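Asker: Note that the protein sequences, when read in sequence, are chains A and B. Last residue of the first sequence: 1771 in our numbering, with the numbers rising by one and none dropped. Last residue of the second sequence: 318 in our numbering, with the numbers rising by one and none dropped. Virtual Cβ for every residue (Gly too), placed ideally from N, Cα, C. Predicted model only: the values in this text are computed from it and were never measured. Please see the structure below; I have some questions.
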Amino acid sequence: MKNVILITIDCCRQDVFKCYGSQFELTPFMDSLENKCTTFTKAHSVGPYTKAAFPGLLASSYSMEYGWKDNCAKEWVLVSEVLSKNDIATAGFHSNPYLSGYFGWNRGWFVFMDSMKDKVTPEYPYLKGDIINKRVEKWIKFHAGSSNYKPFFLWVHYMDIHEPYVPKQEFLDADDPSLQLNEEQMFDLYKNVLLKRDTSNPETVLLLKKLYQAHAKETDRYVEQLFGILRELELQDDTVVIITSDHGDEFGEHGSLSHDSTMYSELVHVPLMVYEPDREGSNICSSLVSTVDVPPTIAKLFGVNPSENWKGQPLLPVEEYRIGGVFGEAPEKKGDKPPETIQEVHYYREGDLKMIYHEKKDSWELYDIAKDPGESRNIVADSGDAERMKEQILPRFQRSNR
Amino acid sequence: MTVMKEISEKRKRQCAKFVELSKKVVRDAFDKFGPEGIGITWTGGKDSGLTLWIIKMVCEEAKIPIPRTMIIGEGDEFEEIETFVGKMTKEWNVPLEWRRNEDVLKAANHTLNAPVKVEQLNERNQAELMRIGFMEDEFPFEAESYAGNHLMKTVVFNQWLEEYNLKAAVQGLRWDEHVSRFDDEYFEFKEAGHLIPEHTRIRPILHFTEKDLWDSYAAFGIPYCVLYEQGYRSLGAKTTTSKESDIPAWEQDLENTEERALRRQDKEEAMSRLRMLGYM
């Protein structure tokens, strides 16, 4: 039985990777894994920000399935809980406060390091990937060397791409004059432009994107480091690695920055690659899939039965995946203020059509992703499919109140 | 009383190995710092209790007395803990001292949840609050509040080290006991800082999981406080410790449920991070 590692990269857009179309060589290491990966080109997150996305990634559910909660809802069954009940060792390493033990995400983990007791700085309000990796290495060594060894499921979450984009010089393009900024200047951009969601100056938005991309390069390094740890411990041939993200980040595509509650592709299209050491040759899968499918995939890899509460299905083998529509949902949020009342946002995608509903504006948007990948032409008024697509969303709206 | 539970011979041998490893850490500590240079922290709880039992064994074998031991009186103790500690101190001949932040207790009039005004505190306590960045004028007298915890526990600990010129302190921490404990080492050197004396922290039972611990209690007949029989998994200050169950601690689902009840410090840490991430 192989071990499984789930790597989630906060804020990582799909288009950071070469296999998803990037021209920028940001992720040479992760790109190099292609021949042993199944790459899902149309993978979607169940939510556009961390708190709305992780119910899919770790509990195969949706953020408002049982009503929006501050904590990890008790009805969600985390993949860690399912696995640890089946004698698989489970460990989680991250530094995102929304997923901390305080909010109840530490259920079912043999070791859960949420780093909340660590000191951080305003420029890096999280733990850097190399520190996370050091702890991971220590745990794997301890675990793999113990007489109590069981196959393990490890979840590692890297925050390095998350704002306030303050990348180190070594990841910035030395030839680009616009990138001759010091830390303070980069942090000022964060405070004065990004936090205010100010897209009025396209050059500034482009600059922010370049800083973001530098962080993506940095993260690639940390993933490479993690694989190096596996190799040193001679576990690389015994471990399946899933690489994905919770959501992307906006760079003015729809007039905003960072990640709020719109459901456009810059936020809800996520990378999703499954690295298998025994795989020969890359497998590109363009079925519509969702991060809600990640926990069932992991359970299946361990030969463990899924929870009845889970809404997704195993991604592998891809031939057996039942193709259907994918959903996402979240409370409306803008900038750094939490909403006073919950107003829902939903999306449903089926084939190339995507419907988005905002309760706040009572607005419906329909896009043909194939013809209009930028989601700029709302065809809800003209499309014969509009009613059918609405019918998929309506039963989900406020469903926990019924 | 002792834990009533069947422990197989194989498991007993395994637990004995864990105990042996802890004893080695303790012996190393005695070699490095001398028994005179070491202080033992005790809470009356299961972790420091196991640690103390192990130290007692090492001392008996070496024919030396147990090093000076200290319990922090937070002003909010369970009576059951006090009773248990009193009993074990006599039985095991523990040179125990109860230590308290008398200044804070006085300012709070020994009343739980009473507001303590910072300006009423002595210079040391005020300096300590400044050191941790506590800027407000008052705080509630309870050990689980950020300021309260620091003054009632951390300051008392540091002052104890200073008074006896201790080079090292023993703590009953375990790796699996709380989030982010995993980084801890058996010996952790703490640099001298403002108001903190240089010292080494020694954690002989890091490698025990909660299950290993209770199985050891059962296998070796180690006494424990009756509260664990009543469902408490972890014991902090009386008013802020809660229990999720009424069955004995060792019968609860140790691997899949949380040991430590949520404490206010956890909330403050999480909130402070959220603020830094620009969300609040």
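Please state if the CB of histidine 1623(A) and the CB of threonine 1613(A) are separated by a distance shorter than 9 Å.
Answerer: In this structure, histidine 1623(A) does not lie closer than 9 Å to threonine 1613(A) by Cβ.
Asker: Take the Cβ of phenylalanine 1522(A) as the centre, count every other Cβ of all protein chains shown within 10 Å, and call the residue buried at 16 or more, exposed below.
Answerer: With 16 or more other Cβ atoms within 10 Å, it is buried.
Asker: Taking its Cβ as the centre, do 16 or more other Cβ atoms sit within 10 Å of proline 242(B), making it buried, or is it exposed?
Answerer: With 16 or more Cβ atoms within 10 Å of its Cβ, proline 242(B) is classed as buried.
Asker: Quick check on this structure: which residue in Glu236(B), Gln52(B), Gly83(B) has the alpha carbon closest to the alpha carbon of glutamate 118(B)?
Answerer: For glutamate 118(B), the nearest C-alpha among the options comes from Gly83(B).
Asker: Name the chain B residues whose beta carbon is nearer than 9 Å to that of lysine 1519(A)?
Answerer: Simply none; closest approach about 12 Å.
Asker: Check whether the Cβ atoms of phenylalanine 177(B) and valine 156(B) sit closer than 9 Å, and answer yes or no.
Answerer: Contact flag set, yes.
Asker: Can you name the residues of chain B whose CB is closer than 7 Å to the CB of phenylalanine 1671(A)?
Answerer: Within 7 Å Cβ-Cβ: nothing; phenylalanine 1671(A) doesn't reach chain B, min ~16 Å.
Asker: For threonine 1631(A), which three-state DSSP category applies?
Answerer: Threonine 1631(A): coil per DSSP, three-state reduction.
Asker: Is the distance from the Cβ of glutamate 1698(A) to the Cβ of glycine 1416(A) below 9 Å?
Answerer: Contact: yes.
Asker: Along the stretch 81-92 of chain B, what residues have a CB closer than 9 Å to any CB found in chain A?
Answerer: Cβ contacts with chain A: none found.
Asker: From what residue to what residue does the alpha helix (DSSP H) around serine 1464(A) run?
Answerer: Unbroken run through serine 1464(A): none, as it is neither H nor E.
Asker: Does the beta-carbon distance from valine 1784(A) to glutamate 1552(A) come in below 9 Å?
Answerer: Residue 1784(A) is absent from the structure shown; chain A starts at 1370 and stops at 1771.
Asker: What does glutamate 1698(A) pair with, by DSSP beta-bridge criteria?
Answerer: For glutamate 1698(A), which the question treats as bridged, DSSP gives the partners His1715(A).
Asker: Quick one: does aspartate 304(B) have its CB under 9 Å from some CB of chain A?
Answerer: At least one chain A Cβ lies under 9 Å of aspartate 304(B).
Asker: If you measure between the beta carbons of phenylalanine 1481(A) and glycine 1498(A), is that distance less than 9 Å?
Answerer: No, they are not a contact pair.
Asker: Which chain A residues are close to aspartate 214(B), counting only those with a beta carbon under 8 Å from its beta carbon?
Answerer: Those within 8 Å of aspartate 214(B) in chain A are Phe1479, Val1480.
Asker: Using a Cβ-Cβ cut-off of 9 Å, state whether glycine 1470(A) counts as contacting chain C.
Answerer: No chain C appears in the structure shown, which is made up of the protein chains A and B.
Asker: By a C-beta neighbour count over all protein chains shown, 10 Å radius and 16 as the cutoff for buried, is arginine 212(B) buried or exposed?
Answerer: By the 10 Å Cβ count, arginine 212(B) comes out buried.
Asker: Distance check for isoleucine 1501(A) and valine 217(B), CA to CA, integer angstroms please.
Answerer: With a pLDDT of 47 at valine 217(B), under the threshold of 50, the modelled position of that residue is not reliable, and the figure given next carries that caveat. For valine 217(B) and isoleucine 1501(A), the distance between alpha carbons rounds to 14 Å.
Asker: What number of angstroms, rounded off, separates the C-alpha of methionine 318(B) from the C-alpha of asparagine 1561(A)?
Answerer: Low confidence applies to methionine 318(B): its pLDDT is 46, below 50, so where it sits in the model is not reliable, and the reading given next is rough at best. The alpha-carbon atoms of methionine 318(B) and asparagine 1561(A) are separated by roughly 16 Å.
Asker: Would you mind sorting glutamate 1619(A) into buried or exposed? The rule is 16 or more other CB atoms within 10 Å of its CB.
Answerer: Buried, since its Cβ has 16 or more Cβ neighbours within 10 Å.
Asker: Mind checking tryptophan 1478(A): buried by the 16 CB within 10 Å criterion, or exposed?
Answerer: The residue in question, tryptophan 1478(A), is buried, as its Cβ has 16 or more Cβ neighbours within 10 Å.
Asker: Work out the CA separation of arginine 1476(A) and serine 1449(A) for me, nearest whole Å.
Answerer: One C-alpha to the other measures close to 7 Å.
Asker: Quick one: list the residues of chain B neighbouring lysine 1578(A), beta-carbon separation under 7 Å, in chain order.
Answerer: What lysine 1578(A) touches in chain B: nothing, since even the nearest Cβ is about 18 Å away.
Asker: Bridge partners of glutamate 1622(A), per DSSP?
Answerer: According to DSSP, glutamate 1622(A) bridges with nothing at all.
Asker: Sorted by chain position, which residues of the same chain lie with C-beta nearer than 7 Å to histidine 17(B)'s C-beta, five sequence neighbours on each side aside?
Answerer: This structure leaves residue 17(B) out entirely; chain B is present only between 39 and 318.
Asker: By the 10 Å Cβ neighbour count, where 16 or more other Cβ atoms means buried, how is leucine 1575(A) classified, buried or exposed?
Answerer: Leucine 1575(A) should be labelled exposed.
Asker: Considering only DSSP beta bridges, list what valine 1373(A) is partnered with.
Answerer: Paired residue(s): Phe1522(A), Val1609(A).
Asker: Using only CA atoms, which one of Glu140(B), Trp91(B), Lys48(B), Asn131(B) lies nearest to glycine 113(B)?
Answerer: The candidate whose alpha carbon is nearest that of glycine 113(B) is Glu140(B).
Asker: In this structure, what does DSSP give as the bridge partners for threonine 107(B)?
Answerer: Threonine 107(B) pairs with Ile78(B), Leu134(B).
Asker: List, from N- to C-terminal side, the beta strand (DSSP E) runs of 3 residues or more that fit wholly inside the stretch 1508-1580 of chain A.
Answerer: If we require 3 residues or more, the beta strand (DSSP E) runs fully inside the stretch 1508-1580 of chain A come out as 1521-1527.
Asker: Does the distance from the C-beta atom of glutamine 1767(A) to that of glutamate 1713(A) stay below 9 Å?
Answerer: In contact: glutamine 1767(A) and glutamate 1713(A) (Cβ atoms closer than 9 Å).
Asker: Enumerate in chain order the residues of its own chain whose CB-to-CB distance from alanine 1337(A) is below 6 Å, with the five nearest sequence positions on each side excluded.
Answerer: Past the edges of chain A, shown from 1370 to 1771, lies residue 1337(A), and the structure says nothing about it.
Asker: Distance cutoff 9 Å, beta carbons only. Does alanine 54(B) sit that close to anything in chain A?
Answerer: Not closer than 9 Å to any Cβ of chain A, the Cβ of alanine 54(B) fails to qualify, so no.
Asker: Of all Cβ atoms in chain B, is any one closer than 9 Å to the Cβ of serine 1464(A)?
Answerer: Yes, contact with chain B.
Asker: What is the rounded straight-line gap between the Cα of glutamate 201(B) and the Cα of glycine 111(B)?
Answerer: If I take the Cα positions, the gap works out to 17 Å.
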